[in-house]
Amino acid sequence: AITDMNGVWSLSNADVPRSARTSFFGPYVDVNRASGGSDPELSGTAVPGEALAFAWTDANSRQDERDIYGAVIDIHDFFELFDPGYSYTNSRMTANVGVAGSCNAFYNGNSINFYDAGAGCGTSGCANTGEIQGIVHHEYGHGVQEDLVGFQGNQGCGEGNADILANF
Numbered sequence: 448a449i450t451d452m453n454g455v456w457s458l459s460n461a462d463v464p465r466s467a468r469t470s471f472f473g474p475y476v477d478v479n480r481a482s483g484g485s486d487p488e489l490s491g492t493a494v495p496g497e498a499l500a501f502a503w504t505d506a507n508s509r510q511d512e513r514d515i516y517g518a519v520i521d522i523h524d525f526f527e528l529f530d531p532g533y534s535y536t537n538s539r540m541t542a543n544v545g546v547a548g549s550c551n552a553f554y555n556g557n558s559i560n561f562y563d564a565g566a567g568c569g570t571s572g573c574a575n576t577g578e579i580q581g582i583v584h585h586e587y588g589h590g591v592q593e594d595l596v597g598f599q600g601n602q603g604c605g606e607g608n609a610d611i612l613a614n615f
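Residues 448 to 615 in this note's numbering are what the sequence shown lists, from first letter to last.
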């Protein structure tokens, strides 16, 4: 079952307790840890007529995992306003967190990828790029550009259009 925007979900034939599991894998995004370790998952038992709450926190997930998951859902919902059913935003994007390096993020044709916080980019270092919504939206925008045009375009067209999505 997939939750709605309020986290509400239901199962057919839910007359008996059932195992339930949640993770950062949904119809529009699959968030994975590139730096090793298992992707986070919470589980419990769903009892008919009783609420089952899952709480994602720093104790059980990374901030960038939560932020990226939400940012891609935001992009999907935004596109549904003016192009309902657009195939690209209605398919699953792979998003990798904890990619080796710092001070950057990238789209590689198959996924959006984000670096952890690190040294460089000035005396104070740089933030985890997956925790900055505008960067998530920008990298996803490269995918939209490629889907619509077939490539990133000439003279910075792909960068410009990715920035436009981030600004919207």
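Heads up, the beta-carbon is just placed ideally off N, CA and C, and yes, glycines get one too.
When S490, I579, A498 and V546 are compared, the shortest CA-CA separation from N560 is found for V546. Note that the C-beta distance between A613 and G588 is below 9 Å.
As computed with DSSP, A493 is found in a beta bridge with R465. Counting only the Cα atoms, D514 lies some 19 Å from G484.
DSSP places F598 in no alpha helix (DSSP H); its state is neither H nor E. Rounded to whole angstroms, the separation of the alpha carbons of I522 and T504 is 23 Å. Counting C-beta pairs with one atom in each stretch, the stretch 484 to 495 and the stretch 455 to 474 have three or more that are closer than 8 Å, which means they touch. Looking at the backbone, the Cα of Y516 and that of E606 are separated by about 22 Å. The beta carbon of D594 lies closer than 6 Å to those of Y535 in the same chain, with the five residues before and after it left out.
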